[in-house]
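A.B. asks:
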Amino acid sequence: MPERLDYQERLAAERDVFAEQVDVHGNLPESAHRWARRHLLPKLRELGVPSLDSLVVDTIRAAAEDSAREVVVLSLGSGNGDLELGWLRALAAHGVHNVRVRLLEINSAMQRRAADAAREHGLSGRVEHIEADFNTWCADAEHDVVVAYQVLHHVLDLEHLYGQVRDSLRPDGTFVVHDMIGRNGHRRWPEAHEVIDRIWATLPPELRRNAITGEVDEHFADIDCAADGFEGIRSQDVLPVLLDYLHPSVFLAAGNVVDPFVDRVYGHNFDMSDEHHRALIDDIGALDDTLVDLGVVTPTRLTALFHPRPATLRAYRNRTPERSVRRTDVVDSTGRVSFHPGTADPHGLVRGAGLAVGRLNGVHHDRWVGRTATVPLRTTAAVDRVEFDLYVPEWMPTVGTLAVALDGEPVGCLHAGHGATRHGLDLRVPARRTAELTLSAGWWAVPREVGVGADRRHLSYVLNGITLGAEQG
Ligand SMILES: C[S@@+](CC[C@H](N)C(=O)[O-])C[C@H]1O[C@@H](n2cnc3c(N)ncnc32)[C@H](O)[C@@H]1O
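Numbered per this note's numbering, the sequence shown spans residues 288 to 760.
Structure follows, in structure tokens:
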């Protein structure tokens, strides 16, 4: 876990976002529903699952019909509880009543809404509320079924949570997952970005309007949703880490380059009563399927069942769990599919005797750095010194030290000041070594809070460059 303060700030942001959300899945564009109908549901049906709801309901039903006792279902990050109450009602319609649902949710406003709705539907006796943080929660009961519905991409300590899920599941139990598994912060991997940029260049301005800023985006804005709260905080780890803990049976992974065209930022630009817009969404959906099937891009969404014991795998065609993981530990020999230095480090921030071989986490598109930046790099020659070029504007209330670590080990501290400054640090890294540099700033400010513009981000400094100095002789 990162240091406590950052965690608490993110948690507060997360609570703020959801406290007012009465309809968590509301405001999804029509293009998203069309894509799901045409590109997601048919694949699920091919796996013998009629719908998303039935994936959950039939799993619980099978456990309940097999048992004379009360079957216990745990829903992680259950929000307002509307899905869960829907499952209970659907089960009741099938004459299944021996089910109790435990709602694990950190947001008390949402728990209250869930409790009110349960009362209204006469289901209070079947619902239990657990107000807890799933990053630290310890299982206190056996579960027949655990459900994670659009929630794993909010989890920081996946290893802890998966451990609790595995250990609390009955041996024949099921973990139902419907979630996002793409790059952290719901950003694009370079290979997908490349395709989206090409589509972008063909779009008229009205299809490039950004719902957050109201502006027409000349270039696709690859927003980092994990900059503040927990949205997509470790989404790229959701699947690979899960495979270390549990065994899949039904497995459907889908979606990637279609995402920006069906999301809340740009998706509403596409009018599904317009035949051209419909055709465009369908074409991008078909292209996306082809790219996923060919292995050019890896899926960003997962709908699957997992179990404590090995199970027979029923994956959609060649989209196996292994092929659905976006590897980050290999550099493709052609330089295409994996890290392309140009797209991994679009500002060319890493210079000298090495290059960036992955996403510079924490460095925003305008080179502002939040609190912590991580820079995965590979040296091309032996390095003995690193220079950091920073800029801290005068309006920043305080400036302090910048702690530097290499592969998690502290290697030094820089004392930053206002203005454009250069700081050197003696640091030895052998040639052709992949390593991760972490920069943690001891100061930050939110411009809006200090009366400088409307920017709500936590910002520390502008990163102008990291120069790796090659050892002489
Ligand atoms: C995208 S919503 C999904 C809600 C619900 N599963 C649904 O699909 O309607 C994510 C949920 O996770 C909850 N959450 C976020 N961080 C949490 C944490 N650390 N512990 C427990 N719940 C958390 C949020 O409050 C929110 O209700």
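Glycine included, each C-beta is placed from N, C-alpha and C at the ideal position.
#1: If you follow the beta strand (DSSP E) that Met467 is in, where does it begin and where does it stop?
#2: Are the beta-carbon atoms belonging to Val650 and Ala479 less than 8 angstroms from one another?
#3: Let me check understanding here. Comparing Cα to Cα, which of Val670, His408, Pro316 lies closest to Gly760?
#4: Pull up the DSSP beta-bridge partners for Pro535, would you.
#5: By the DSSP assignment, the beta strand (DSSP E) with Val663 in it spans what residues?
#6: What do you reckon, are the CB atoms on Val525 and Leu439 nearer than 8 angstroms?
#7: Starting from the Cα of Ala591, find the closest Cα among Ile468, Arg735, Leu642, Asn385 and give me that residue.
#8: Confirm the yes/no value for this check: CB of Glu392, any heavy atom of ligand 1, distance under 7 angstroms.
#9: Check whether the stretch 551 to 562 touches the stretch 323 to 330, taking contact to mean three or more Cβ pairs, one atom from each stretch, closer than 8 angstroms.
#10: Roughly how many whole angstroms lie between the Cα atoms of Asn497 and Arg474?
#11: State the CB to CB distance for the pair Val673 and Leu636, rounded to an integer number of angstroms; the pair is presumed to be in contact (CB under 8 angstroms).
#12: Does DSSP put Leu636 in a helix, in a strand, or in coil?
#13: Use the C-beta contact count for Gln398: other C-beta atoms within 10 angstroms, 16 or more gives buried, fewer gives exposed.
#14: Applying the criterion that 16 or more other CB atoms from any shown protein chain within 10 Å of the CB defines a buried residue, is Asn367 buried or exposed?
#15: With respect to 7 angstroms, is the separation between the Cβ of Glu301 and the closest non-hydrogen atom of ligand 1 below this value?
#16: Check whether the stretch 427 to 435 touches the stretch 337 to 352, taking contact to mean three or more Cβ pairs, one atom from each stretch, closer than 8 angstroms.
#17: Report whether the distance from the Cβ of His320 to the nearest heavy atom of ligand 1 is below 7 angstroms.
#18: Got a sec? Which residues, its chain only, sit under 6 angstroms from Glu481 by beta carbon, not counting five neighbours each side?
#19: Is Leu370 near ligand 1, going by C-beta to nearest heavy atom under 7 angstroms?
#20: Where DSSP assigns a beta bridge to Ala514, which residues make up the other side?
#21: Can you tell me where the beta strand (DSSP E) with Thr577 in it begins and where it stops?
#22: Just curious, the alpha helix (DSSP H) that Ile393 is in, first and last residue?
#23: Considering only heavy atoms of ligand 1, does any lie closer than 7 angstroms to the CB of Met467?
#24: Can you tell me whether Gln295 is buried or exposed? The criterion is at least 16 other CB atoms within 10 Å of its CB, across all chains shown.
#25: In this structure, what does DSSP give as the bridge partners for His555?
#26: Taking Cβ positions, are Ala435 and Val388 nearer each other than 8 angstroms?
#27: Tell me which residue opens and which closes the alpha helix (DSSP H) that Ile347 is part of.
#28: Count the CB pairs spanning the stretch 537 to 547 and the stretch 601 to 615 that are closer than 8 angstroms, and state whether there are at least three.
#29: Buried or exposed for Pro717, please, with buried defined as at least 16 other CB atoms from any protein chain shown within 10 angstroms of its CB.
#30: If you reduce the DSSP assignment to three classes, tell me which class Val528 lands in.
#31: So which of Ser354, Asp353, Ser341, Asp369 has the shortest CA-CA distance to Asp310?
#32: So within the stretch 300 to 335, which uninterrupted alpha helix (DSSP H) runs reach at least 4 residues, ignoring any that extend past its ends?
#33: Within the present structure, is the beta-carbon of Val414 separated from the nearest heavy atom of ligand 1 by less than 7 angstroms?
#34: Count Cβ pairs between the stretch 562 to 579 and the stretch 518 to 537 that sit closer than 8 angstroms; are there 3 or more?
#35: Would you be able to state if there are at least three C-beta pairs under 8 angstroms between the stretch 415 to 430 and the stretch 353 to 364?
#36: In its own chain, which residues sit with a C-beta less than 8 angstroms from the C-beta of Gly695, not counting the 5 before and 5 after it?
C.D. replies: Looking at the atomic coordinates:
#1: Residue numbering aside, residue 467 sits at position 180 when the sequence shown is read from its first letter. Per DSSP, Met467 belongs to the beta strand (DSSP E) from 456 to 467.
#2: Position 363 of the sequence shown, counted from the start, is the residue given in the question as residue 650. Position 192 of the sequence shown, counted from the start, is the residue given in the question as residue 479. No, the pair does not count as a contact, with Cβ atoms beyond the cut-off.
#3: As a first step, residue 760 must be located in the sequence shown, where it is residue number 473. The shortest C-alpha separation from Gly760 is found at Val670.
#4: Looking up residue 535 in the sequence shown gives position 248. Pro535 is bridged to Phe593.
#5: In the sequence shown, residue 663 corresponds to position 376, counting from 1. Going by the sequence as given, residue 663 is Pro instead of Val. Unbroken beta strand (DSSP E) run through Pro663: 655 to 666.
#6: Locating residue 525 in the sequence shown gives position 238, counting from the first residue. Locating residue 439 in the sequence shown gives position 152, counting from the first residue. Yes, Cβ-Cβ distance for Val525 and Leu439 is below 8 angstroms.
#7: Along the sequence shown, one-based indexing puts residue 591 at 304. Per the Cα distances, Ile468.
#8: For the purposes of this step, residue 392 is taken as the residue at position 105 of the sequence shown. Indeed, a heavy atom of ligand 1 lies less than 7 angstroms from the Cβ.
#9: no
#10: Locating residue 497 in the sequence shown gives position 210, where the first residue counts as 1. Locating residue 474 in the sequence shown gives position 187, where the first residue counts as 1. The straight-line gap from Cα to Cα measures roughly 16 angstroms.
#11: Numbered from 1 along the sequence shown, position 386 holds the residue referred to as residue 673. Numbered from 1 along the sequence shown, position 349 holds the residue referred to as residue 636. Rounded, the Cβ-Cβ distance is 12 angstroms, inconsistent with contact.
#12: In the sequence shown, residue 636 corresponds to position 349, counting from 1. Reduced to three states, the DSSP call for Leu636 is coil.
#13: The residue labelled residue 398 in the question sits at position 111 within the sequence shown. Gln398 should be labelled buried.
#14: As a first step, residue 367 is located in the sequence shown; it is residue number 80 there, counting from the start. Label assigned to Asn367: buried.
#15: What you label residue 301 is simply residue 14 of the sequence shown in a count that begins at 1. Yes, Cβ of Glu301 sits closer than 7 angstroms to a heavy atom of ligand 1.
#16: yes
#17: Working through the sequence shown from its first residue, we reach residue 320 at position 33. No.
#18: Against the sequence shown, residue 481 aligns to sequence position 194. Result list for Glu481: empty, nothing under 6 angstroms.
#19: Your numbering for residue 370 matches position 83 in the sequence shown. Yes, since a heavy atom of ligand 1 falls inside the 7 angstroms radius drawn around the Cβ of Leu370.
#20: What you label residue 514 is simply residue 227 of the sequence shown in a count that begins at 1. BP columns for Ala514 are empty, so no partner.
#21: Locating residue 577 in the sequence shown gives position 290, counting from the first residue. Where Thr577 is concerned, there is no enclosing beta strand (DSSP E), although the alpha helix (DSSP H) it sits in stretches over 562 to 581.
#22: The residue given as residue 393 occupies position 106 in the sequence shown. Taken as a continuous stretch (DSSP letters only), Ile393 belongs to no alpha helix (DSSP H), as it is neither H nor E.
#23: Taking the first residue of the sequence shown as position 1, residue 467 is located at position 180. Answer for Met467: no, Cβ out of range of ligand 1.
#24: For the purposes of this step, residue 295 is taken as residue 8 along the sequence shown, with counting starting at 1. Classification of Gln295: exposed, given that the 10 Å Cβ count is below 16.
#25: Counted from its first residue, the sequence shown places residue 555 at position 268. Its beta-bridge partners do not exist; DSSP assigns none.
#26: In the sequence shown, the residue the question calls residue 435 occupies position 148. In the sequence shown, the residue the question calls residue 388 occupies position 101. Not in contact: Ala435 and Val388 (Cβ atoms no closer than 8 angstroms).
#27: If you number the sequence shown from 1, residue 347 lands on position 60. Taken as a continuous stretch (DSSP letters only), the alpha helix (DSSP H) holding Ile347 covers 339 to 352.
#28: yes
#29: As a working note, residue 717 is residue 430 in the sequence shown. Exposed: under 16 other Cβ atoms inside 10 Å.
#30: For the purposes of this step, residue 528 is taken as the residue at position 241 of the sequence shown. In the structure shown, Val528 sits in a helix (DSSP, three-state: H, G or I).
#31: One-based indexing of the sequence shown puts residue 310 at position 23. Among Ser354, Asp353, Ser341, Asp369, the Cα nearest to that of Asp310 is on Asp369.
#32: 317 to 322, 328 to 333
#33: Within the sequence shown, residue 414 is the residue found at index 127, counting from 1. Val414: no, Cβ never under 7 angstroms from ligand 1.
#34: no
#35: yes
#36: Taking the first residue of the sequence shown as position 1, residue 695 is located at position 408. Excluding positions up to five away in sequence, the list reads Glu723, Thr725.
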